[in-house]
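Enquirer: Handing you a structure now.
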Amino acid sequence: MNKVLLATLASAITGVAAAQAPTVLYTPARDMKDQGIGVKYWGSGVISETDETAYEGTHSIRVSTRNFFQGGVMTFSNPVNLSNDFANKANLLKLTFKVAEGGTTSSGGGVGAPAGAGGGGKGGIRGGGAPGGPPGGFPGGFPGGPGGFGGGKGGGGGAPGGFGGGGQGGAPGGFPGAPGQGKGGFGGFGGAGGLSGGTTSASVLKTLRFVITTSDGKKSEVYAPVNVNATGERGWLTVAVPLQAISGLDRTNKQITAIALAGDATTTFYVGDMRIVNDSTPIRGEINQGNLNLGAGEEATLTGYGFGGSSILRYTWDFDDSDGIQVDAEGQTVKRKFRKPGTYTITLTVSDFYGLKQPYTTTIKAVINP
């Protein structure tokens, strides 16, 4: 009898453990090939497996992006089934990533050549826009690449005289079902004058774009704000988006065959891990100081601190509840001057960026003296 009971308990525990096992889309513990993952370029973006850095193990996926339409695509030979995960609004797609140190830079030497010295670059090839997606879906295909770079190089070891005008990439297919209208890029203009020695840093990454393709041919997408100045483990950061916040995913069969990644800056980042996590952590928050006692016109700096597990948090402020709670300012740290004497209630609201969790509010008083 005891053996039967123990066997039953062991089976139940195994079943619970299996049910709680996360859905993993990419793990650094194994090579991409072993996971059935392939990569391909998106527009003029670049993507490849690398051993330059790793979240765990020895590898990561390196993605170079220039804008929301140029980056890299991860493909899955065995579609990843998110049907069960999608049913729970507490399930999120979590990406662990790291921005490359220094991003993309160009070093300088001597003074560059005069403007126009370089010849214009050739136009790009015809854009490869596929037929447009169904209503509400992401436009069909990925945009064609831009024209080649022209521009003469700066003389005497100087920085390049300037890039030629990039050819205009093919526009994506329209909504709904219109064919892609990709055209060849236009020839680049002559290079601008080269600059003196120095470096040009990559722009700061503020938002990541995910475009998800499912085996039924449909596409869905989501934009996720990121804070690359946050403190992470060895430089690794995380961003997580609720599956139910991914636009269009609810209309697909949820069998993932590809995920395209791009950002709003010219930069390079590494994918260290990608998986589904369950996070029902309630949001909590506080203001960095207690009640205020200020003179009229005196400026106060207020900082909100919030915690909500893996959720992306939004901070909004109301400085006078007498006219109702409104959004007078937004941001984790804000500055405020009260011009008129009186007593004011300052309200901080910390909310889930995608609106799926219950917001949290906290208040302090501000006494403003004449």
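Per mature numbering (1 follows the signal peptide of the UniProt record, and there is no 0): the sequence shown = residues -19 to -1, 1 to 351. Note that CB positions come from ideal geometry on N, CA and C, so glycine has one too.
Is the beta carbon of I28 closer than 8 Å to that of residue 352?
Expert: Only positions -19 to 351 of the chain appear in this structure, which leaves residue 352 out of reach.
Enquirer: Under 8 Å between the Cβ atoms of D260 and G287?
Expert: Counting from 1 along the sequence shown, the entry for residue 260 is found at position 279. Counting from 1 along the sequence shown, the entry for residue 287 is found at position 306. No, the Cβ-Cβ distance between D260 and G287 is not below 8 Å.
Enquirer: Taking 8 Å as the cut-off, decide whether the C-beta atoms of L74 and V252 are in contact.
Expert: For the purposes of this step, residue 74 is identified with residue 93 of the sequence shown, where counting begins at 1. For the purposes of this step, residue 252 is identified with residue 271 of the sequence shown, where counting begins at 1. Contact: no.
Enquirer: Check whether the stretch 337 to 350 and the stretch 262 to 281 are in contact - that is, three or more C-beta pairs closer than 8 Å.
Expert: Contact between the stretch 337 to 350 and the stretch 262 to 281 is present, because at least three Cβ pairs lie under 8 Å.
Enquirer: For I237 and G24, what's the separation of their Cα atoms in angstroms?
Expert: Here residue 237 corresponds to residue number 256 of the sequence shown, with the count starting at 1. Here residue 24 corresponds to residue number 43 of the sequence shown, with the count starting at 1. Distance between the alpha carbons of I237 and G24: 21 Å.
Enquirer: State the start and end residues of the unbroken beta strand (DSSP E) segment that holds F288.
Expert: Reading the sequence shown from its first residue, position 307 is the one you call residue 288. It spans E280 to F288 - the beta strand (DSSP E) in which F288 sits, taken as one unbroken run.
Enquirer: Look at A241 and G52 and say whether their C-beta atoms are less than 8 Å apart.
Expert: Position 260 of the sequence shown, counting from 1, holds the residue named residue 241. Position 71 of the sequence shown, counting from 1, holds the residue named residue 52. Taking 8 Å as the Cβ cut-off, A241 and G52 qualify as a contacting pair.
Enquirer: Taking the alpha-carbon of S45 as reference, which of G276, D254 and T249 has the nearest alpha-carbon?
Expert: Working through the sequence shown from its first residue, we reach residue 45 at position 64. Taking only the C-alpha atoms, the option nearest S45 is T249.
Enquirer: Is K14 helix, strand or coil by DSSP?
Expert: For the purposes of this step, residue 14 is identified with residue 33 of the sequence shown, where counting begins at 1. Three-state result, K14: helix.
Enquirer: I'd like to check one pair, V308 with T297: are the Cβ atoms closer than 8 Å?
Expert: Position 316 of the sequence shown holds residue 297. Position 327 of the sequence shown holds residue 308. Closer than 8 Å, so yes.
Enquirer: Looking only at its chain, what residues have a beta carbon closer than 6 Å to the beta carbon of A81, apart from the 5 residues adjacent to it on each side?
Expert: Start at 1 with the first residue of the sequence shown, and residue 81 comes out as number 100. Taken in chain order, the residues that qualify are T249.
Enquirer: I'd like the span of the beta strand (DSSP E) that includes D254, first residue to last.
Expert: Numbered from 1 along the sequence shown, position 273 holds the residue referred to as residue 254. Residues T248 to N259.
Enquirer: From which residue to which residue does the alpha helix (DSSP H) around F191 run?
Expert: The residue you call residue 191 lines up with position 210 of the sequence shown. Segment T188 to T195 is the beta strand (DSSP E) holding F191; no alpha helix (DSSP H) there.
Enquirer: From what residue to what residue does the alpha helix (DSSP H) around S58 run?
Expert: For the purposes of this step, residue 58 is taken as residue 77 along the sequence shown, with counting starting at 1. Going by DSSP, S58 is part of no alpha helix (DSSP H) but of the beta strand (DSSP E) stretching over G52 to N62.
Enquirer: Return the CA-CA distance between L273 and D304, expressed in angstroms with no decimal places.
Expert: Numbered from 1 along the sequence shown, position 292 holds the residue referred to as residue 273. Numbered from 1 along the sequence shown, position 323 holds the residue referred to as residue 304. Each residue's alpha carbon lies about 20 Å from the other.
Enquirer: Where E214 and D299 are concerned, what is the direct C-alpha to C-alpha distance, given to the nearest angstrom?
Expert: The count along the sequence shown starts at 1 and reaches residue 214 at position 233. The count along the sequence shown starts at 1 and reaches residue 299 at position 318. When rounded, the distance between both Cα atoms is 34 Å.
Enquirer: Quick check on this structure: which residue in R256, T328 and V222 has the alpha carbon closest to the alpha carbon of L337?
Expert: The sequence position of residue 337 within the sequence shown is 356, counting from 1. With distances taken between Cα atoms, L337 lies closest to V222.
Enquirer: When we look at the beta-carbon of S201 and count the other beta-carbons within 10 Å, is it buried (16 or more) or exposed?
Expert: Here residue 201 refers to the residue found at position 220 of the sequence shown. Burial call: buried.
Enquirer: Give a yes or no on whether the C-beta atoms belonging to A205 and I293 are separated by under 8 Å.
Expert: Within the sequence shown, the letter at position 224 stands for residue 205. Within the sequence shown, the letter at position 312 stands for residue 293. Taking 8 Å as the Cβ cut-off, A205 and I293 qualify as a contacting pair.
Enquirer: Hey, how far is the Cα of K199 from the Cα of G323?
Expert: Residue 199 sits at position 218 when you count from the first residue of the sequence shown. Residue 323 sits at position 342 when you count from the first residue of the sequence shown. Roughly 57 Å separates the two Cα atoms.
Enquirer: Measuring only the C-alpha atoms, how far is G216 from D254?
Expert: Counting from 1 along the sequence shown, the entry for residue 216 is found at position 235. Counting from 1 along the sequence shown, the entry for residue 254 is found at position 273. So the two alpha carbons sit approximately 14 Å from each other.
Enquirer: What does DSSP give as the partner residue(s) for E30 in the beta ladder?
Expert: Taking the sequence shown and counting its residues from 1, one reaches residue 30 at position 49. DSSP lists I42 as partners of E30.
Enquirer: Kindly indicate the opening and closing residues of the beta strand (DSSP E) around F49.
Expert: Stepping through the sequence shown from its first residue, residue 49 is reached at position 68. Element bounds for F49: n/a, residue is neither H nor E.
Enquirer: Straight-line CA distance for T262 to L224?
Expert: Counted from its first residue, the sequence shown places residue 262 at position 281. Counted from its first residue, the sequence shown places residue 224 at position 243. When rounded, the distance between both Cα atoms is 16 Å.
Enquirer: For N62, which option in E30, I193 and F319 has the closest C-alpha, if you only look at C-alpha atoms?
Expert: For the purposes of this step, residue 62 is taken as the residue at position 81 of the sequence shown. For the residues E30, I193 and F319, the minimum Cα distance to N62 belongs to I193.
Enquirer: Which class does D231 belong to by DSSP, given the choice of helix, strand or coil?
Expert: Here the question's residue 231 lines up with position 250 in the sequence shown. It is helical.
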